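Below you'll find the structure, written out as structure tokens, and then a few comments.
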Amino acid sequence: MEHIEKRIEQKIERKFKKGITKAVKITFAIIFGILLAFLCGYVVMRLWNWLMPDLFGLAIISYWQAVGILILAKIFFGMGNCSSGGSGKYKKKFKNRKCEPIKREFSEWEHYDEFWKEEGETAFKEYVARFKSKA
0 MEHIEKRIEQ KIERKFKKGI TKAVKITFAI IFGILLAFLC GYVVMRLWNW
50 LMPDLFGLAI ISYWQAVGIL ILAKIFFGMG NCSSGGSGKY KKKFKNRKCE
100 PIKREFSEWE HYDEFWKEEG ETAFKEYVAR FKSKA
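Going by numbering that gives the first Met the number 0, the first residue of the sequence shown is number 0, and it counts up by one from there.
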């Protein structure tokens, strides 16, 4: 009985430690993300204020204007989830689905010229004649 209680206690303790570790990792990831966002805004501000006034005669910007430029750039140029080198499961699945019908239909087109020479023109003329007689 005592052995079972000890195992249960150890199991609960491990789960608790794992949960604390996960919470600490998530907290540090959030803090790191916020610091990275502030750093990106600062870098954009410094680069803008260093280059743009001299090159193009534009005004100097503040930190928050630099952050606004970054946000606008993300809106205009995408959120970064459609990169060309991505290995996303959905992307591969969609790409394969999109190209399959074209591949299948293309093999049938190699006989198109022969068909048009033998039957196509006369079949088309008959179709037009039927269509005109209905109207």
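The beta-carbon is built from N, C-alpha and C at its ideal position, and this holds for glycine as well.
Just so it is clear, the structure is predicted and the values come from calculations on it, not from any experiment.
field: Ala28 versus Lys21 - alpha carbon distance
entry: Using only the alpha carbons, I get a separation of about 10 Å.
task: Would you grab the beta carbon distance between Trp49 and Ile60 for me? Rounded to a whole angstrom, and I think it's under 8 Å.
output: About 11 Å; that fails the 8 Å criterion.
query: Can you tell me whether Val23 is buried or exposed, with buried defined as 16 or more other CB within 10 angstroms of its CB?
result: It counts as exposed.
- request: Pull up the distance between the alpha-carbon of Tyr62 and that of Val43, whole angstroms please.
  value: One alpha carbon belongs to Tyr62, the other to Val43, and they sit about 8 Å apart.
- request: Leaving out five residues on either side along the sequence, give the residues of the same chain with a beta carbon under 6 Å from the beta carbon of Thr121.
  value: So no residue of the chain qualifies.
message: I'd like the span of the alpha helix (DSSP H) that includes Glu118, first residue to last.
response: Judged by DSSP secondary structure, Glu118 falls outside any alpha helix (DSSP H); it is assigned neither H nor E.
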